[in-house]
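Residue numbers (the working numbering): 4 to 294. For each residue, glycine too, the CB sits at the ideal point set by N, CA and C. In what follows, a single structure is set out as C-alpha cells and then discussed.
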DNA sequence: ATGGCTGAGTTGCTCAGA
C-alpha cells in the first residue's frame with residue numbers, strides 16, 4: 004500500500020501538476036494540505052477526475068485558507084473532521100480545517116496541516132502547541148495510526164538547511180520539538196528519517212531566491228507511523244521531481260510504501276522510476292528523494 | 001533584520017505562508 008502526503012498550496016492552482024503526479028505515482032492513499040477550497044469547490048474542480056481514478060474522497064475545507072483531504076482506493080471509513088478538543092483560532096471556539104482522518108486499508112490515517120506558529124511569543128504559537136497536544140491526546144490506537152502532513156516542525160537541526168539562522172524562530176524551538184516527540188512516546192516513528200538517518204532530506208523549499216535550486220530547504224512534511232506499521236515500511240522518500248518545473252507547490256510529496264503481504268513481498272508497490280525494483284524477497288532500499 | 005515568491009481576497013493593495 005502506497006501512502007503519500009502533499010501540501011499542494013492551493014489544489015486549484017496545482018491541478019496541472021497534481022493529476023499527472025497522481026497518474027505517475029499511483030498512491031493508494033493521498034493526504035492533501037492547503038487545498039484552499041470549500042468542500043463544494045473541491046468537488047467541482049476535482050470530484051470527477053478523482054472518481055474516474057477510483058478514489059473515494061474526504062475533503063474538509065474552509066474556503067480560501069487551510070483545507071485538508073484524504074483520497075483512498077483502499078477504503079475510506081469512519082471519516083472524522085478535526086479531532087477531540089481541537090482548539091480554534093482566532094476564536095477559541097471556531098476550529099480551522101486542518102485535520103481529517105479515516106480508516107484506509109485497516110489503518111487510521113490523518114491528513115494534518117499543523118498551525119504555523121508565526122512567532123514564538125505569539126498567541127498563534129501557543130495555539131500550535133495546544134493543537135498538537137490535543138491531537139496526541141486524541142489518538143485512540145497509536146499502533147495502527149499514521150500521522151501524515153505538514154507538521155510545520157523540523158524534528159532536528161539536520162532537517163533545516165541552516166540551523167543557526169533559525170534559532171529563535173518557529174519550526175525549530177524546543178517546545179515544538181517536544182510536542183513532536185510526544186508522538187514518539189506513543190510509539191509513532193518518523194519513517195523517512197528512520198530509513199535515511201544520515202541523509203540531507205528536505206520536503207519544503209521557499210519559492211524565493213532560488214532556494215530549491217540550491218537545495219536550501221527544510222523537512223517539515225512528515226509521516227509518523229505506529230508500531231504495527233514501522234516494520235513493514237518498504238520505501239520512504241521525498242518526491243523532489245514534483246517540486247521542479249512549472250508552477251510547483253513549495254512543498255514536495257512524501258511517499259511511503261507499506262508491505263501488506265505476510266511473506267515480505269512488496270505487493271502492489273510501484274517503485275520510483277529511476278530505481279527499477281530488484282524483486283525476489285530482499286527489501287530494496289529505494290532512494291530518499293527522487294528527482 | 002532582511003521578505004528577494006506565490007496564492008487568495010479585501011485586488012493594483014494586504015495578509016499569510018515558514
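query	result
Residue 195 versus residue 89: straight-line alpha-carbon distance, rounded	27 Å
Residue 270, DSSP secondary structure in three states	For residue 270, the predicted model reports a pLDDT of 46, less than 50, meaning its position is unreliable; a value from the coordinates is still stated below. In the structure shown, residue 270 sits in coil (DSSP, three-state: anything other than H, G, I, E or B).
Span of the alpha helix (DSSP H) around residue 14	14–28
Residue 235 versus residue 198: straight-line alpha-carbon distance, rounded	12 Å
Buried or exposed (CB count within 10 angstroms, at least 16 for buried), residue 211	exposed
Local conformation of residue 232 per DSSP, three classes	helix
Beta-carbon proximity list for residue 118, same chain, < 6 Å, skipping 5 on both sides	130, 131 and 134
Contact set for residue 231: own chain, Cβ-Cβ below 7 Å, skip 5 residues either direction	146 and 147
Meets three-Cβ-pair contact criterion under 8 Å: the region 253–264 and the region 167–176	no
Contact under 9 Å by Cβ, residue 200 with residue 183	no
Residue 292 classed as buried or exposed, judged by whether at least 16 other C-beta atoms fall within 10 angstroms	buried
Option in 142, 63 and 111 with minimal Cα separation from residue 187	142
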